[in-house]
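Below: one structure, written as structure tokens.
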Amino acid sequence: MQSVVGARVALEAELRQGLMRSELFLHYQPQVAGDGGLTGAEALVRWRHPVRGTVSPAEFIALAEETGLILPLGHWVLQTACVQLAQWADRPERAHLSIAVNVSARQFHSPDFVDQVLALLDHTGANPKLLKLELTESLLVSNVDDVIAKMSLLKAKGVGFSLDDFGTGYSSLSYLKRLPLDQLKIDRGFVSNILTDPNDAAIAKMVVALAQTLGLEVVAEGVESEAQRDLLARQGCHVYQGYLFSPPVTIEAFEAFADVVGVA
5 MQSVVGARVA
15 LEAELRQGLM
25 RSELFLHYQP
35 QVAGDGGLTG
45 AEALVRWRHP
55 VRGTVSPAEF
65 IALAEETGLI
75 LPLGHWVLQT
85 ACVQLAQWAD
95 RPERAHLSIA
105 VNVSARQFHS
115 PDFVDQVLAL
125 LDHTGANPKL
135 LKLELTESLL
145 VSNVDDVIAK
155 MSLLKAKGVG
165 FSLDDFGTGY
175 SSLSYLKRLP
185 LDQLKIDRGF
195 VSNILTDPND
205 AAIAKMVVAL
215 AQTLGLEVVA
225 EGVESEAQRD
235 LLARQGCHVY
245 QGYLFSPPVT
255 IEAFEAFADV
265 VGVA
């Protein structure tokens with residue numbers, strides 16, 4: 005136990021230094037429409053550790069949440085994504101691409117979250133309509149009225165919202181119909197077994213039908229085969245994200261991918 009605690013304390017100190025030394029960077033995973041064209045990307049944070057090399061977010065995001073480091077980390081991710089959107093705005097072949105950014109519960113519930121987002125949009129000049137904030141169902145466990153109020157303020161400025169990993173958490177349909185969402189994401193856990201598990205296939209179909217009923221877009225995560233994509237397409241899902249198209253990649257590799265497939 006002492007060893008585990010010591011390793012945690014050391015990792016926290018290294019992450020704090022990493023934020024100060026600009027060791028964090030973003031990868032982008034393409035989101036692709038049914039016609040093969042690119043609609044945008046999800047921004048995913050990585051850590052270039054000076055000794056350990058590239059560190060997966062699975063190793064540090066939970067720690068960042070517990071220690072409060074998620075607040076400066078999340079702010080940096082949002083800022084970097086907004087800067088990228090502003091840069092794409094000057095390039096006609098990129099100007100319509102969106103970027104989705106994951107927002108943690110602790111980050112979203114901070115009192116000045118709305119002001120932070122609006123200030124970043126104003127400072128960078130990014131188009132708010134091309135920024136999509138991905139929320140998890142854990143956000144809805146407490147103070148849903150505050151969540152809706154914050155979402156509504158940002159939505160009024162053009163910012164979009166996606167409910168990530170839908171079906172794996174705690175949200176109820178009564179909350180879902182009240183949220184000013186734009187998109188539902190089918191969790192990769194359902195997609196991975198969609199061809200072999202009738203229950204997962206039924207859940208994916210249900211998510212698509214629910215999204216259509218509520219007038220929302222739907223994106224399937226974790227699409228790794230053409231057979232998965234084809235089944236999702238038959239169910240009515242026409243935007244995909246996964247290794248069938250591309251893993252999360254550097255901005256240079258993402259733009260090279262965009263040049264090949266074109267924009268939807």
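Counting along the sequence shown from 1, when you hit position 185 you're at 189 in the working numbering, and nothing is skipped either side.
For every residue, glycine included, the Cβ atom is placed at its ideal position computed from N, Cα and C.
> What does a CB cutoff of less than 7 Å around residue 52 pick up in its chain, not counting 5 residues either side in sequence?
Replying inline: So the list reads 27, 29, 58, once near-sequence residues are dropped.
> Cβ of residue 87 within 9 Å of Cβ of residue 49?
Replying inline: No. Outside cutoff.
> Can you tell me whether DSSP reads residue 27 as helix, strand or coil?
Replying inline: Three-state result, residue 27: coil.
>> If contacts are defined as beta-carbon pairs under 8 Å, then residue 188 and residue 211 qualify, I think. What distance do you get, rounded to the angstrom?
In response: The pair is a contact, with the Cβ atoms about 6 Å apart (cut-off 8 Å).
> Can you pull the DSSP bridge partners for residue 58?
Replying inline: According to DSSP, which records beta bridges pairwise, residue 58 is partnered with 52.
>> So, with DSSP's three-state summary, where would you put residue 198?
In response: Per DSSP, reduced to three states, the secondary structure at residue 198 is coil, with no helix or strand assignment.
> Where does residue 154 sit, in a helix, a strand or coil, going by DSSP?
Replying inline: Correct three-state label for residue 154: helix.
> Which residues in the same chain as residue 161 place their Cβ atom closer than 6 Å to its Cβ, once the five residues preceding and following it in sequence are excluded?
Replying inline: The answer, listed in chain order, is 132.
> Three or more beta-carbon pairs under 8 Å between the stretch 227 to 234 and the stretch 250 to 267, yes or no?
Replying inline: By the Cβ test, the stretch 227 to 234 is not in contact with the stretch 250 to 267, since fewer than three Cβ pairs between them sit closer than 8 Å.
> Distance, Cα to Cα, residue 253 vs residue 41?
Replying inline: Straight-line Cα distance between these residues: approximately 17 Å.
>> Mapping the DSSP letters down to three states, classify residue 22 as helix, strand or coil.
In response: Of the three classes helix, strand and coil, the one that applies to residue 22 here is helix, per DSSP.
>> If I measure Cβ to Cβ from residue 233 and keep anything under 7 Å in the same chain, skipping five residues before and after, which residues do I get?
In response: Sequence-distant partners of residue 233 (beyond 5 residues in either direction) whose C-beta falls short of 7 Å from its own C-beta, in its chain, are 227, 244, 248.
> So, are the CB atoms of residue 148 and residue 182 less than 9 Å apart?
Replying inline: Taking 9 Å as the cut-off, the Cβ atoms of residue 148 and residue 182 count as close.
> Should residue 206 be labelled buried (16 or more other beta-carbon atoms within 10 Å of its own) or exposed?
Replying inline: By the neighbour-count criterion, in which 16 or more other beta carbons inside 10 Å mark a residue as buried, residue 206 falls on the exposed side.
> Do the stretch 89 to 101 and the stretch 54 to 68 make contact, defined as three or more Cβ pairs closer than 8 Å?
Replying inline: The answer is no - the stretch 54 to 68 does not touch the stretch 89 to 101, with fewer than three Cβ pairs under 8 Å.
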